[in-house]
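K.L.:
Let me give you the structure first, and then I'll get to my questions.
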Amino acid sequence: MPSPNFDERPQGCDVELVVVHNISLPPREFGGPYIDALFTNTLDARAHGYFADIADLRVSAHLLIDRDGRVTQYVPFSRRAWHAGESCFQDRTRCNDFSVGIELEGADDVPFEEMQYRRLAEVIRVIRAEWPGITWERIVGHSDIAPQRKTDPGPAFDWQKLKGLVEANTIPSPPAGERARERGF
Ligand SMILES: [Zn+2]
Numbered sequence: 000m001p002s003p004n005f006d007e008r009p010q011g012c013d014v015e016l017v018v019v020h021n022i023s024l025p026p027r028e029f030g031g032p033y034i035d036a037l038f039t040n041t042l043d044a045r046a047h048g049y050f051a052d053i054a055d056l057r058v059s060a061h062l063l064i065d066r067d068g069r070v071t072q073y074v075p076f077s078r079r080a081w082h083a084g085e086s087c088f089q090d091r092t093r094c095n096d097f098s099v100g101i102e103l104e105g106a107d108d109v110p111f112e113e114m115q116y117r118r119l120a121e122v123i124r125v126i127r128a129e130w131p132g133i134t135w136e137r138i139v140g141h142s143d144i145a146p147q148r149k150t151d152p153g154p155a156f157d158w159q160k161l162k163g164l165v166e167a168n169t170i171p172s173p174p175a176g177e178r179a180r181e182r183g184f
């Protein structure tokens, strides 16, 4: 589902970070069409009291994983999505420049679904196959890179569980030359 809310990564800027978020619209309600609407600038400000404040935001993420584990992609990984805002990772600001943003449908204090962890681990495996420099330390929460402003994915998100799944899924990536050949370059 293409979002208009993206632009180019700065020249020479590669994907080096994965940022995990949560979102639900309205907050703590799951399953509606409103996240897609927010990321495609079609959210009806009158549909819910909360929406008036956010309908004019121009934001996006690369991916959303809904409560059933379904993945929606809004922005290609090669482009810059607008998910992190003012942020800093290891003294480097503007995390949107060098990150992939993944939203889990959820709320800070509501347990996430098993399928969401599984899908997230699978997605991370795919991303790491392309960008092997994304070590576990480079998979962070929004709250880690914007601690004054953001709390997501929140205390209900089980990082150890994700880590177990990611490591179980880790397959050695082939040398770069082999990857390029597979892709026909
Ligand atoms: Zn966030």
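All residue numbers for the sequence shown refer to numbering that gives the first Met the number 0, where the first residue is 0 and numbers rise by one. No residue lacks a Cβ here, since even glycine has one placed at the ideal position from N, Cα and C.
#1: Apply the 10 Å Cβ neighbour rule to K149 and answer buried if 16 or more other Cβ atoms are within range, or exposed otherwise.
#2: Cβ atoms of F5 and R78: under 7 Å apart, would you say?
#3: Indicate, with yes or no, if ligand 3 has a heavy atom lying under 6 Å from the CB of D151.
#4: How would you write the range of the alpha helix (DSSP H) that S142 sits in, first residue to last?
#5: By the DSSP assignment, the alpha helix (DSSP H) with D35 in it spans what residues?
#6: Any contact between the region 10-18 and the region 84-98? By contact I mean 3 or more CB pairs, one from each, below 8 Å.
#7: Quick one, are the C-beta atoms of E121 and I22 less than 7 Å apart?
#8: Could you pull out every unbroken beta strand (DSSP E) segment of at least 3 residues lying fully inside the region 72-155, listed in chain order?
#9: Can H20 be considered in contact with ligand 1, in the sense that its beta carbon sits closer than 6 Å to one or more heavy atoms?
#10: What is the DSSP secondary structure of V58, counted as helix, strand or coil?
#11: For ligand 1, any of its heavy atoms closer than 6 Å to the Cβ of H61?
#12: Can you check whether the CB of P146 is closer than 7 Å to the CB of V19?
#13: Quick one: any contact between the region 111-131 and the region 61-69, if contact means 3 or more CB pairs under 8 Å?
#14: Once DSSP output is grouped into helix, strand and coil, what is the label at L42?
#15: Which residue wins for smallest C-alpha separation from T39, given the options D107, Y49 and V74?
#16: Taking a contact to mean a Cβ-Cβ separation below 7 Å, would you say F50 touches L42 in this structure?
#17: N21 bridges to which residues according to DSSP?
P.N.:
With the structure as the only source:
#1: For the purposes of this step, residue 149 is identified with residue 150 of the sequence shown, where counting begins at 1. K149 is buried by the Cβ-count criterion.
#2: Taking the sequence shown and counting its residues from 1, the one referred to as residue 78 is at position 79. Taking the sequence shown and counting its residues from 1, the one referred to as residue 5 is at position 6. Yes, these two residues count as a Cβ contact at 7 Å.
#3: This structure does not include ligand 3; its bound ligands are ligand 1.
#4: Here residue 142 is taken as the residue at index 143 of the sequence shown, counted from 1. Residues H141 to I144.
#5: As a working mapping, residue 35 is identified with position 36 in the sequence shown. DSSP places D35 in the uninterrupted alpha helix (DSSP H) bounded by Y33 to F38.
#6: They touch, by the three-pair rule.
#7: By 1-based counting over the sequence shown, the position of residue 121 is 122. By 1-based counting over the sequence shown, the position of residue 22 is 23. No, these two residues do not count as a Cβ contact at 7 Å.
#8: The qualifying runs are 78-80, 98-104 and 138-140.
#9: The residue labelled residue 20 in the question sits at position 21 within the sequence shown. Because some heavy atom of ligand 1 lies under 6 Å away, the Cβ of H20 counts as near it: yes.
#10: The residue labelled residue 58 in the question sits at position 59 within the sequence shown. Under the three-state reduction of DSSP output, V58 falls in the coil class, being neither helix nor strand.
#11: By one-based count along the sequence shown, residue 61 stands at place 62. Flag unset: Cβ of H61 not near ligand 1.
#12: Position 20 of the sequence shown, counted from the first residue, corresponds to residue 19. Position 147 of the sequence shown, counted from the first residue, corresponds to residue 146. No. Outside cutoff.
#13: The answer is yes - the region 61-69 touches the region 111-131, with three or more Cβ pairs under 8 Å.
#14: Taking the sequence shown and counting its residues from 1, the one referred to as residue 42 is at position 43. In the structure shown, L42 sits in coil (DSSP, three-state: anything other than H, G, I, E or B).
#15: In the sequence shown, the residue the question calls residue 39 occupies position 40. Comparing Cα-Cα distances from T39 to each of D107, Y49 and V74, the minimum goes to V74.
#16: Here residue 50 refers to the residue found at position 51 when the sequence shown is read from its first residue. Here residue 42 refers to the residue found at position 43 when the sequence shown is read from its first residue. Note that the C-beta distance between F50 and L42 is below 7 Å.
#17: Here residue 21 is taken as the residue at index 22 of the sequence shown, counted from 1. Residue pairing from DSSP places N21 in a beta bridge opposite L103.
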